[in-house]
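Participant: Sequential numbering from 1420 applies to the sequence shown in our numbering.
By construction, the Cβ of each residue, glycine as well, lies at the ideal position given by its N, Cα and C atoms.
As the structure is a computational prediction, the values presented were derived from the model and not from experiment.
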Amino acid sequence: EELSLPTPDGETLSAFLIKPGNVSKAKNVTFIMFHGNAGNIGHRLPIAKILANEFHCNVLMLEYRGYGLSTGNPDEKGIAKDSQTGLDFIRGRGDLKNTKIVIYGQSLGGAVGIDLAVKNKDHGDIAGVILENTFLSIKKMIPSVIPAAKYLTPLCHQVWPSEEMLPGITNIPILFLSGLQDEIVPPSHMKRLFDICRSEPKIWKEFPYGDHNNTVTEAGYFHYVQEFLDKYIV
(Lines of atoms letter the chains of each structure in order from A and count residues from 1; the text may use other names and numbers.)
(Lines give C-alpha, C1' and ligand atoms only; values in the text may rest on other atoms or scores of the structure.)
Protein backbone atom coordinates (compact mmCIF):
# COMPACT_ATOMS: atom_id res chain seq x y z
CA GLU A 1 0.00 0.00 0.00
CA GLU A 2 1.49 3.35 -1.08
CA LEU A 3 0.78 6.22 1.26
CA SER A 4 1.21 9.99 1.33
CA LEU A 5 1.49 11.20 4.91
CA PRO A 6 1.05 14.92 5.68
CA THR A 7 3.40 16.40 8.31
CA PRO A 8 2.32 19.10 10.79
CA ASP A 9 4.49 21.66 8.94
CA GLY A 10 3.00 21.05 5.51
CA GLU A 11 5.28 18.50 3.84
CA THR A 12 4.06 15.28 2.24
CA LEU A 13 5.95 12.07 2.95
CA SER A 14 6.03 9.05 0.70
CA ALA A 15 5.57 5.79 2.61
CA PHE A 16 4.83 2.12 2.05
CA LEU A 17 2.74 -0.03 4.33
CA ILE A 18 3.40 -3.73 3.86
CA LYS A 19 1.19 -6.24 5.63
CA PRO A 20 1.74 -9.97 6.13
CA GLY A 21 0.61 -12.07 3.18
CA ASN A 22 -0.72 -14.80 5.44
CA VAL A 23 -3.34 -13.12 7.62
CA SER A 24 -3.84 -16.19 9.81
CA LYS A 25 -0.18 -16.04 10.91
CA ALA A 26 -0.05 -12.26 11.33
CA LYS A 27 1.69 -11.09 14.49
CA ASN A 28 0.51 -8.12 16.51
CA VAL A 29 3.70 -6.21 15.63
CA THR A 30 4.39 -3.19 13.41
CA PHE A 31 7.91 -2.25 12.34
CA ILE A 32 8.63 1.37 11.49
CA MET A 33 11.72 1.43 9.28
CA PHE A 34 14.14 4.34 8.93
CA HIS A 35 16.75 4.22 6.14
CA GLY A 36 20.27 5.63 5.91
CA ASN A 37 21.43 8.89 4.38
CA ALA A 38 22.29 7.50 0.95
CA GLY A 39 19.29 5.21 0.75
CA ASN A 40 15.60 5.38 0.11
CA ILE A 41 12.71 3.11 0.94
CA GLY A 42 13.10 1.26 -2.37
CA HIS A 43 16.56 0.03 -1.34
CA ARG A 44 15.20 -1.50 1.85
CA LEU A 45 12.07 -3.02 0.31
CA PRO A 46 13.49 -6.58 0.22
CA ILE A 47 14.07 -6.33 3.99
CA ALA A 48 10.52 -5.13 4.60
CA LYS A 49 9.20 -8.06 2.57
CA ILE A 50 11.08 -10.53 4.79
CA LEU A 51 9.66 -8.86 7.92
CA ALA A 52 6.14 -9.04 6.46
CA ASN A 53 6.12 -12.37 4.65
CA GLU A 54 8.48 -14.48 6.76
CA PHE A 55 8.09 -12.88 10.18
CA HIS A 56 4.39 -11.99 9.63
CA CYS A 57 4.67 -8.40 10.89
CA ASN A 58 3.28 -5.12 9.55
CA VAL A 59 5.95 -2.78 8.18
CA LEU A 60 5.73 0.98 7.66
CA MET A 61 8.58 2.33 5.54
CA LEU A 62 8.93 6.08 5.68
CA GLU A 63 10.79 8.36 3.29
CA TYR A 64 12.18 11.48 5.02
CA ARG A 65 11.45 14.92 3.60
CA GLY A 66 13.71 15.71 0.65
CA TYR A 67 14.36 12.02 -0.06
CA GLY A 68 12.70 9.98 -2.80
CA LEU A 69 9.22 11.30 -3.52
CA SER A 70 8.79 13.18 -0.24
CA THR A 71 8.59 16.98 -0.45
CA GLY A 72 10.76 19.51 1.37
CA ASN A 73 14.41 19.76 2.37
CA PRO A 74 16.00 17.38 4.85
CA ASP A 75 17.12 18.88 8.14
CA GLU A 76 17.29 17.43 11.61
CA LYS A 77 14.17 19.07 13.06
CA GLY A 78 12.20 18.21 9.96
CA ILE A 79 13.29 14.56 9.87
CA ALA A 80 12.39 14.25 13.56
CA LYS A 81 8.90 15.56 12.67
CA ASP A 82 8.73 13.00 9.87
CA SER A 83 9.48 10.08 12.17
CA GLN A 84 6.85 11.30 14.64
CA THR A 85 4.37 11.60 11.75
CA GLY A 86 4.98 7.95 10.90
CA LEU A 87 4.54 6.83 14.49
CA ASP A 88 1.36 8.90 14.87
CA PHE A 89 0.02 7.33 11.68
CA ILE A 90 0.45 3.84 13.20
CA ARG A 91 -1.20 4.98 16.43
CA GLY A 92 -4.14 6.46 14.57
CA ARG A 93 -4.85 3.73 12.06
CA GLY A 94 -7.48 1.19 13.08
CA ASP A 95 -5.69 -1.97 11.98
CA LEU A 96 -2.33 -0.92 13.48
CA LYS A 97 -3.06 1.16 16.55
CA ASN A 98 -3.04 -1.69 19.07
CA THR A 99 0.07 -3.37 17.70
CA LYS A 100 3.45 -3.50 19.39
CA ILE A 101 5.78 -1.09 17.62
CA VAL A 102 9.41 -1.92 16.78
CA ILE A 103 11.63 0.95 15.61
CA TYR A 104 14.22 -0.32 13.11
CA GLY A 105 16.91 2.10 11.89
CA GLN A 106 20.03 1.76 9.78
CA SER A 107 22.84 4.35 9.93
CA LEU A 108 21.15 7.80 9.98
CA GLY A 109 17.91 5.88 10.50
CA GLY A 110 19.28 4.57 13.79
CA ALA A 111 19.80 8.13 15.02
CA VAL A 112 16.27 9.01 13.89
CA GLY A 113 14.96 5.95 15.72
CA ILE A 114 16.81 6.72 18.97
CA ASP A 115 15.44 10.27 18.93
CA LEU A 116 11.89 8.99 18.33
CA ALA A 117 12.13 6.30 21.02
CA VAL A 118 13.35 8.78 23.65
CA LYS A 119 10.54 11.23 22.87
CA ASN A 120 7.86 8.50 22.99
CA LYS A 121 9.18 6.12 25.63
CA ASP A 122 6.40 6.89 28.13
CA HIS A 123 3.63 6.07 25.67
CA GLY A 124 3.98 2.34 26.32
CA ASP A 125 3.56 1.10 22.75
CA ILE A 126 7.22 0.97 21.66
CA ALA A 127 8.11 -2.65 22.25
CA GLY A 128 11.63 -2.72 20.82
CA VAL A 129 14.40 -0.90 18.94
CA ILE A 130 16.81 -2.37 16.36
CA LEU A 131 19.92 -0.33 15.51
CA GLU A 132 22.21 -1.23 12.62
CA ASN A 133 25.55 0.52 11.95
CA THR A 134 24.62 3.85 13.50
CA PHE A 135 26.86 6.60 14.86
CA LEU A 136 27.51 8.44 18.14
CA SER A 137 26.84 11.80 16.47
CA ILE A 138 27.41 13.36 13.05
CA LYS A 139 30.26 15.43 14.47
CA LYS A 140 32.11 12.40 15.80
CA MET A 141 31.61 10.50 12.57
CA ILE A 142 32.74 13.09 10.04
CA PRO A 143 36.51 12.96 10.78
CA SER A 144 36.55 9.25 9.99
CA VAL A 145 34.88 9.63 6.62
CA ILE A 146 36.50 12.71 5.14
CA PRO A 147 37.25 10.79 1.91
CA ALA A 148 33.55 10.02 1.69
CA ALA A 149 32.52 13.49 2.87
CA LYS A 150 30.57 14.28 -0.27
CA TYR A 151 28.28 11.43 0.70
CA LEU A 152 27.57 13.33 3.90
CA THR A 153 27.29 16.91 2.73
CA PRO A 154 23.56 17.21 3.50
CA LEU A 155 24.28 16.02 7.02
CA CYS A 156 27.03 18.47 7.95
CA HIS A 157 24.61 20.92 9.56
CA GLN A 158 22.92 18.17 11.52
CA VAL A 159 23.90 16.91 14.95
CA TRP A 160 21.92 13.74 15.79
CA PRO A 161 23.48 13.36 19.26
CA SER A 162 22.66 9.67 19.73
CA GLU A 163 25.39 9.36 22.35
CA GLU A 164 23.51 11.84 24.55
CA MET A 165 20.02 10.59 23.68
CA LEU A 166 20.39 6.82 23.97
CA PRO A 167 20.80 6.65 27.77
CA GLY A 168 17.32 8.22 27.94
CA ILE A 169 15.78 4.94 26.77
CA THR A 170 15.09 2.49 29.59
CA ASN A 171 13.04 -0.70 29.75
CA ILE A 172 12.78 -1.13 25.97
CA PRO A 173 14.64 -4.12 24.47
CA ILE A 174 17.34 -2.94 22.04
CA LEU A 175 19.15 -5.08 19.44
CA PHE A 176 22.50 -3.77 18.15
CA LEU A 177 23.62 -5.14 14.75
CA SER A 178 27.19 -4.12 13.92
CA GLY A 179 29.15 -4.74 10.70
CA LEU A 180 32.82 -4.81 11.66
CA GLN A 181 33.96 -3.80 8.14
CA ASP A 182 31.82 -0.64 8.13
CA GLU A 183 33.73 1.91 6.05
CA ILE A 184 31.41 4.87 6.83
CA VAL A 185 30.59 4.59 10.55
CA PRO A 186 33.48 3.23 12.64
CA PRO A 187 32.30 0.05 14.41
CA SER A 188 33.63 1.60 17.64
CA HIS A 189 30.63 3.95 17.52
CA MET A 190 28.19 1.04 17.76
CA LYS A 191 30.21 -0.56 20.56
CA ARG A 192 30.19 2.70 22.50
CA LEU A 193 26.43 3.08 22.03
CA PHE A 194 25.96 -0.45 23.34
CA ASP A 195 28.19 0.27 26.35
CA ILE A 196 26.34 3.45 27.34
CA CYS A 197 22.89 1.99 26.69
CA ARG A 198 21.00 1.73 29.98
CA SER A 199 18.01 -0.12 28.61
CA GLU A 200 17.51 -3.77 29.46
CA PRO A 201 17.62 -6.16 27.80
CA LYS A 202 20.25 -5.01 25.32
CA ILE A 203 21.65 -7.49 22.83
CA TRP A 204 24.87 -7.21 20.82
CA LYS A 205 25.40 -9.07 17.52
CA GLU A 206 28.37 -8.44 15.25
CA PHE A 207 29.15 -9.44 11.67
CA PRO A 208 32.88 -9.82 10.92
CA TYR A 209 32.44 -9.18 7.17
CA GLY A 210 29.54 -6.73 7.26
CA ASP A 211 30.23 -3.30 5.75
CA HIS A 212 28.08 -0.19 6.02
CA ASN A 213 25.37 -1.18 3.59
CA ASN A 214 25.58 -4.96 3.24
CA THR A 215 25.49 -6.12 6.87
CA VAL A 216 21.88 -7.11 6.25
CA THR A 217 23.06 -9.77 3.76
CA GLU A 218 25.42 -11.43 6.26
CA ALA A 219 24.71 -14.92 7.58
CA GLY A 220 22.64 -14.90 10.75
CA TYR A 221 21.29 -11.36 10.37
CA PHE A 222 17.62 -12.28 10.09
CA HIS A 223 18.02 -15.15 12.53
CA TYR A 224 19.04 -12.59 15.17
CA VAL A 225 16.13 -10.33 14.28
CA GLN A 226 13.70 -13.25 14.54
CA GLU A 227 15.20 -14.37 17.85
CA PHE A 228 14.84 -10.82 19.21
CA LEU A 229 11.21 -10.72 18.06
CA ASP A 230 10.30 -14.09 19.53
CA LYS A 231 12.08 -13.57 22.83
CA TYR A 232 11.31 -9.96 23.67
CA ILE A 233 8.51 -8.59 21.48
CA VAL A 234 5.88 -11.18 20.63
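(1) Pull up the DSSP beta-bridge partners for M1480, would you.
(2) Using 8 Å as the cut-off, can you tell me whether the stretch 1513-1525 makes contact with the stretch 1605-1614, which would need three or more C-beta pairs spanning the two stretches below that distance?
(3) Do you know how far the Cα of L1648 is from the Cα of F1450?
(4) For I1509 and L1479, which I take to be in contact (beta-carbon distance under 8 Å), what is that distance rounded to the nearest angstrom?
(5) Check whether the stretch 1424-1437 and the stretch 1463-1476 touch, using three or more Cβ-Cβ pairs below 8 Å as the test.
(6) Is the CB-CB distance between T1553 and N1447 below 9 Å?
(7) DSSP state of Q1645, grouped into three classes?
(8) Have a look at Q1600 and G1513 and give me their C-alpha separation to the nearest angstrom.
(9) Do you know offhand how far N1459's Cα is from G1532's?
(10) Name the DSSP beta bridge partners of F1626, please?
(11) Counting along the chain, where does the alpha helix (DSSP H) carrying L1527 start and finish?
(12) Among T1490, H1454 and G1440, which has the Cα closest to the Cα of S1423?
(13) Would you decide whether A1471 is buried or exposed? Buried here means 16 or more other CB atoms lie within 10 Å of its CB.
(14) Could you tell me which residues DSSP pairs with V1548 in its beta bridges?
(15) Mind checking which residues open and close the alpha helix (DSSP H) that includes S1502?
(16) Just checking, does the stretch 1484-1499 make contact with the stretch 1615-1622 on the three C-beta pairs under 8 Å criterion?
Facilitator: On the basis of the supplied data:
(1) In the sequence shown, counting from the first residue as 1, residue 1480 sits at position 61. Its beta-bridge partners are F1435 and M1452.
(2) Verdict: no, contact absent.
(3) Position 31 of the sequence shown, counting from 1, holds the residue named residue 1450. Position 229 of the sequence shown, counting from 1, holds the residue named residue 1648. Computed Cα separation, rounded: 11 Å.
(4) Your numbering for residue 1509 matches position 90 in the sequence shown. Your numbering for residue 1479 matches position 60 in the sequence shown. Between I1509 and L1479, the beta carbon gap of about 6 Å places them in contact (Cβ cut-off 8 Å).
(5) yes
(6) By one-based count along the sequence shown, residue 1553 stands at place 134. By one-based count along the sequence shown, residue 1447 stands at place 28. 9 Å or more divides the Cβ of T1553 from the Cβ of N1447.
(7) Along the sequence shown, read from residue 1 onward, the residue named residue 1645 stands at position 226. Three-state DSSP puts Q1645 in a helix.
(8) One-based indexing of the sequence shown puts residue 1600 at position 181. One-based indexing of the sequence shown puts residue 1513 at position 94. One C-alpha to the other measures close to 42 Å.
(9) Reading the sequence shown from its first residue, position 40 is the one you call residue 1459. Reading the sequence shown from its first residue, position 113 is the one you call residue 1532. Distance between the alpha carbons of N1459 and G1532 is about 16 Å.
(10) Here the question's residue 1626 lines up with position 207 in the sequence shown. BP columns for F1626 point to G1598.
(11) Position 108 of the sequence shown, counting from 1, holds the residue named residue 1527. L1527 to N1539 is the extent of the alpha helix (DSSP H) around L1527.
(12) In the sequence shown, counting from the first residue as 1, residue 1423 sits at position 4. Minimum Cα distance to S1423 is reached at T1490.
(13) Translated into the one-based positions of the sequence shown, residue 1471 becomes position 52. So A1471 ends up on the buried side.
(14) Translated into the one-based positions of the sequence shown, residue 1548 becomes position 129. V1548 pairs with I1522 and I1593.
(15) One-based indexing of the sequence shown puts residue 1502 at position 83. Run containing S1502: E1495 to G1511, per the alpha helix (DSSP H) assignment.
(16) no
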